[in-house]
Every structure is written in structure tokens, then in C-alpha cells.
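Student: In this note's numbering, the protein residues as written are 10 to 268.
Glycine included, each C-beta is placed from N, C-alpha and C at the ideal position.
Because the structure is a prediction, the values reported are computed rather than measured.
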């Protein structure tokens, strides 16, 4: 028996019970919600539903203990074995003429010393708002629009790609229905870049970067972080510059996941 699991589970249950009592939820309303969860499970969207509403809360909790750069949500489209790249992400031939960007910055420790040899997974959407290497998004090879880059002796990194786009999370199923039809909201995410920074002796950092001037930065359907992660608009010629520096915390012992 895991006492922490028991305590958290019962606190969640009691919180839900309190909400039901507060709003005098009827049996018909309860069954309607129950059946919506059944539909969500049948559509394979339970992970999506949980991430939309709760991933950002876990990030908020984790950030309380961070002294360096703050973390952001990871999202469901990370691929662990993306290829190492040297200065440029692979781009489909059909996208070669689309607007370009360069991702660059510096990674340092809390004492401002550069972190050499850090590995950064970067990934972003295709021009169609999907992700490579994700079965439900088609058969686009995972080598496109994602990769691992490393920092040099001065802790710096640089990598070229094309601009990602804003997109809707899957919205034709129960999760989209809940957000759009029942709650009157939307299912859009702003254009963004994902980062996962790892270095020996340092705490992993998962983050994102939004584009100044982009839509849905302050009303991201997944509560991704808002303007705190927005990068000021800057160009070098016709190339959008995304200058993002990261300060890494020292590694800390982590709680073992409950089995």
C-alpha cells in the first residue's frame, strides 16, 4: 500500500464530491457527465483530456522549487529518439520556401557559468499544424521538424528551421466537444517551439517559446504559460530570430513514481 497514493486519491475524490454538493448536481447531470467520460475513453482521449486541464498545474507546482528558468508543459508529441542535427532541422521539400526562423541562445548554470555539452531536444509543428513521428498525424518521418542539438564550449546553441503555426488540438471528439460546445471555449494552441534541455549534474528543463504577435498566447486552450514564454519579435533579414536562454538548476533527487 502506498500511503501517498491513498491520500492524494481520496483528496481528489472528496474535492469532486464537494463540487457536486456545491452545485446540487442532479442524477441526470451526473449520468450525462459519466457518459461523456465513457465517450472520451472510447475515443482514446483520456490522456488528452487530463493534459488539457491538469498538465499546467503540475508544471506550476514544479516551478515553485525552481531557481533558474521556469518549466512549461511538454505536450503529447515528444519523440524520445529524435535524430541529432547539426545546425538545421530537416524540412520537407514542399516547405523549403516557407518563412524561416533560427533558434539560438545560451545555457548557463545558476552561477552564470556556461553549460557545455547540454543536449536540447527541439520540436515544433509542421506547416499543417501536425507533428512528425506521431501515428495519428500521418506517416511523416520523425526526422522532420525535430531533433537534438548540443551546446558548444560557451554554452551556446543555434539551429535553423521554418516557422511553426498555431493549430487546434484534436477537436472532433469528446474533448473538443467539451471545450467548444459545452464550455463555449476553443481548442487552439499558439504557434510555439518545444524544448527539453538535459545536462550532466543539472535538473532537466522542459519549456516552450511563443512568438510575439501570435494568436492565442494568452488564451491557450492548454494553459501553456502565456506571455512569460513569449519571445520578442526580431528579424535578421527575412529570418525570425528566436533567442531563448535557459538557466539550469542543479540536479535534485526526485520522488519515485507510484507503481
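Does DSSP put residue 242 in a helix, a strand or coil?
Tutor: The residue you call residue 242 lines up with position 233 of the chain shown. Three-state DSSP puts residue 242 in coil, outside helix and strand.
Student: How about residue 257 and residue 178: do their beta carbons lie closer than 8 Å?
Tutor: By 1-based counting over the chain shown, the position of residue 257 is 248. By 1-based counting over the chain shown, the position of residue 178 is 169. The Cβ-Cβ distance between residue 257 and residue 178 does not fall below 8 Å.
Student: Leaving out the 5 sequence neighbours to the left and right, which residues in its chain are closer than 7 Å to residue 174 when beta-carbon positions are compared?
Tutor: Counted from its first residue, the chain shown places residue 174 at position 165. Taken in chain order, the residues that qualify are 134, 136, 138, 200.
Student: Tell me the residue span of the alpha helix (DSSP H) that contains residue 216.
Tutor: By 1-based counting over the chain shown, the position of residue 216 is 207. For residue 216, there is no enclosing alpha helix (DSSP H); the enclosing beta strand (DSSP E) covers residues 214-220.
Student: So the alpha helix (DSSP H) residue 59 belongs to, where does it begin and stop?
Tutor: Walking along the chain shown from the start, residue 59 turns up at place 50. Counting along the chain, the alpha helix (DSSP H) containing residue 59 begins and ends at 55-59.
Student: On the DSSP bridge assignment, give the partners of residue 257 in chain order.
Tutor: Working through the chain shown from its first residue, we reach residue 257 at position 248. Note: residue 257 sits in a beta bridge opposite 118.
Student: Note down, in chain order, each residue of its chain lying with its Cβ closer than 6 Å to the Cβ of residue 92, except the 5 sequence neighbours on either side.
Tutor: Position 83 of the chain shown holds residue 92. The residues are 152, 156.
Student: How should residue 218 be labelled, buried or exposed, when 16 other C-beta atoms within 10 angstroms of its C-beta is the threshold for buried?
Tutor: Here residue 218 refers to the residue found at position 209 of the chain shown. Buried, because 16 or more other Cβ atoms sit within 10 Å of the Cβ of residue 218.
Student: Output yes if chain C places a C-beta closer than 8 Å to the C-beta of residue 63; else output no.
Tutor: The chain inventory of the structure shown lacks chain C, comprising one protein chain alone.
Student: For residue 264, which three-state DSSP category applies?
Tutor: Position 255 of the chain shown, counting from 1, holds the residue named residue 264. The predicted position of residue 264 is uncertain, since its pLDDT is 45 and thus under 50; no value can be drawn from it.
Student: Measuring straight from C-alpha to C-alpha, what distance separates residue 125 and residue 27?
Tutor: Locating residue 125 in the chain shown gives position 116, counting from the first residue. Locating residue 27 in the chain shown gives position 18, counting from the first residue. Near 51 Å, if we compare the C-alpha coordinates of residue 27 and residue 125.
Student: May I have the straight-line CA-CA distance separating residue 269 from residue 46, to the nearest angstrom?
Tutor: The requested residue 269 does not occur in the structure, where the chain is confined to residues 10 to 268.
Student: If you measure between the beta carbons of residue 64 and residue 231, is that distance less than 8 Å?
Tutor: Here residue 64 refers to the residue found at position 55 when the chain shown is read from its first residue. Here residue 231 refers to the residue found at position 222 when the chain shown is read from its first residue. A contact, by the Cβ cut-off of 8 Å.
Student: Check whether the Cβ atoms of residue 168 and residue 112 sit closer than 8 Å, and answer yes or no.
Tutor: Within the chain shown, numbered from 1, the residue matching residue 168 stands at position 159. Within the chain shown, numbered from 1, the residue matching residue 112 stands at position 103. Taking 8 Å as the cut-off, the Cβ atoms of residue 168 and residue 112 count as close.
Student: For residue 242, verify whether its CB is less than 7 Å away from any heavy atom of the ligand COA.
Tutor: No copy of the ligand COA occurs in the structure displayed, which carries no ligand at all.
Student: Are residue 142 and residue 206 touching if we call contact CB-CB under 8 Å?
Tutor: Reading the chain shown from its first residue, position 133 is the one you call residue 142. Reading the chain shown from its first residue, position 197 is the one you call residue 206. No; because the gap between Cβ atoms is not below 8 Å, this pair is not in contact.
Student: Could you tell me the distance, in whole angstroms, from the CA atom of residue 41 to the CA atom of residue 60?
Tutor: Working through the chain shown from its first residue, we reach residue 41 at position 32. Working through the chain shown from its first residue, we reach residue 60 at position 51. Using only the alpha carbons, I get a separation of about 22 Å.
Student: For residue 198 versus residue 225, is the C-beta spacing smaller than 8 Å?
Tutor: As a first step, residue 198 is located in the chain shown; it is residue number 189 there, counting from the start. As a first step, residue 225 is located in the chain shown; it is residue number 216 there, counting from the start. Taking 8 Å as the cut-off, the beta carbon of residue 198 is found closer than this to the beta carbon of residue 225.
Student: With 16 other CB atoms within 10 Å as the buried threshold, where does residue 211 fall?
Tutor: For this step, residue 211 is matched to residue 202 along the chain shown. Buried.
Student: Would you mind listing the beta strand (DSSP E) stretches within the segment 81-147 that are 3+ residues and don't spill past its ends, in chain order?
Tutor: The qualifying runs are 109-118, 128-133.
Student: Quick check on DSSP: helix, strand or coil for residue 32?
Tutor: The residue you call residue 32 lines up with position 23 of the chain shown. DSSP places residue 32 in coil when its eight states are reduced to three.
Student: Of all the options 148, 154, 128, which has the alpha carbon lying nearest to the alpha carbon of residue 162?
Tutor: As a first step, residue 162 must be located in the chain shown, where it is residue number 153. Residue 128 is the option with its Cα nearest to residue 162.
Student: For the candidate residues 15, 214, 120, 166, whose alpha-carbon lies nearest to that of residue 8?
Tutor: This structure cannot speak to residue 8, because the chain is shown only from 10 to 268.
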